[in-house]
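To start, the structure under review is shown below, and the notes come after it.
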Amino acid sequence: GAVVSQHPSRVICKSGTSVKIECRSLDFQATTMFWYRQFPKKSLMLMATSNEGSKATYEQGVEKDKFLINHASLTLSTLTVTSAHPEDSSFYICSARSRGIDPNYGYTFGSGTRLTVV
Amino acid sequence: GNSVTQMEGPVTLSEEAFLTINCTYTATGYPSLFWYVQYPGEGLQLLLKATKADDKGSNKGFEATYRKETTSFHLEKGSVQVSDSAVYFCALSAPYSGAGSYQLTFGKGTKLSVIP
Chain L
59 GAVVSQHPSR VICKSGTSVK IECRSLDFQA TTMFWYRQFP KKSLMLMATS
109 NEGSKATYEQ GVEKDKFLIN HASLTLSTLT VTSAHPEDSS FYICSARSRG
159 IDPNYGYTFG SGTRLTVV
Chain Y
1495 GNSVTQMEGP VTLSEEAFLT INCTYTATGY PSLFWYVQYP GEGLQLLLKA
1545 TKADDKGSNK GFEATYRKET TSFHLEKGSV QVSDSAVYFC ALSAPYSGAG
1595 SYQLTFGKGT KLSVIP
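Protein sequences appear in the order of chains L and Y.
Adding 58 to a residue's 1-based position in the first sequence gives its number in the numbering used here.
Adding 1494 to a residue's 1-based position in the second sequence gives its number in the numbering used here.
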């Protein structure tokens, strides 16, 4: 089945530094990638949607200059948290789907990245 | 807009007990409905889905029926196991005009703990 590999699974960084999270689709072409943030005991908050080769569409309240999304190829999308601060600490999850796959079949999720900013 | 409401947790059950997690939705048109499961420290996995009214999704002993008249998609399992302990998310998929693509709308999740 479809697999999305997300790395790193855990990262600890110092306040003010930038962190890059990668999501790769291993056996399908991810024409659309969704990036979510999950707060403790809360649901997933959609941050942005990106289509391959296009600029990402950010949800209201999400700072596009802070959360940089690149989706330059059909198998790789990255989320860079720039100038990270402790309040950015969270669990980030990517989800991908292919244009060729009926959305009724669901979406493939990465395993998530636990970001801790100290 | 689209929304999903599911019962607040946490839910604690003894092994072999019956499980029901309620989920209702609001959506325009005819969404597809999903249940996802998240095990500790992991991403989400699709548990089951239903794409039209009266469809029943099933997997690993879990079932949910798409009820259009009550806009519900309740998750059930007749006999839970310790290994079922996880967070369960109800979700719907509907066209997302902003990005020209379908988008999942999630409920807040229900944490299930099964004790031996």
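Backbone N, C-alpha and C fix where the C-beta goes; we use that ideal spot for every residue, glycine too.
Going by DSSP, what residues sit across from Tyr-1533 (chain Y) in a beta bridge?
None, per the DSSP bridge assignment.
Assign Val-176 (chain L) to one of three DSSP states: helix, strand, or coil.
coil
Exposed unless 16 or more other CB atoms sit within 10 angstroms - verdict on Gly-1592 (chain Y):
Interpretation of Gly-1592 (chain Y) is limited by its pLDDT of 48, a score under 50 that renders its predicted location unreliable; no figure is taken from the coordinates.
Local conformation of Glu-1510 (chain Y) per DSSP, three classes:
coil
Are the region 1513-1520 of chain Y and the region 121-132 of chain L in contact at 8 Å, needing three or more beta carbon pairs?
no
In chain Y, which residues lie with their C-beta within 9 Å of the C-beta of Thr-136 (chain L)?
The premise fails here: Thr-136 (chain L) is roughly 17 Å from chain Y at the closest Cβ pair, so nothing lies under 9 Å.
In the DSSP output, what is Met-103 (chain L) paired with across the bridge?
L:Arg-95
With 16 as the cutoff for other CB atoms within 10 Å, does Leu-61 (chain L) come out buried or exposed?
Note that residue 61 (chain L) is Val in the sequence shown here, rather than Leu. Result: exposed.
Can you check which of these residues, Y:Pro-1534, Y:Arg-1561, Y:Lys-1554, is closest to Ser-67 (chain L) by C-alpha distance?
Y:Pro-1534
Output, in sequence order along the chain, the residues in the region 71-90 of chain L whose CB is closer than 7 Å to any CB in chain Y.
Thr-90
Would the region 1525-1533 of chain Y count as touching the region 1572-1592 of chain Y if we require 3 or more Cβ pairs under 8 Å?
yes
Who are the neighbours of Phe-1600 (chain Y) on chain L, taking C-beta pairs under 8 Å?
Ser-101, Leu-102
Counting only beta-carbon atoms, is Leu-173 (chain L) nearer than 7 Å to chain Y?
no
Chain Y within 7 Å of Ser-156 (chain L), Cβ atoms only:
no
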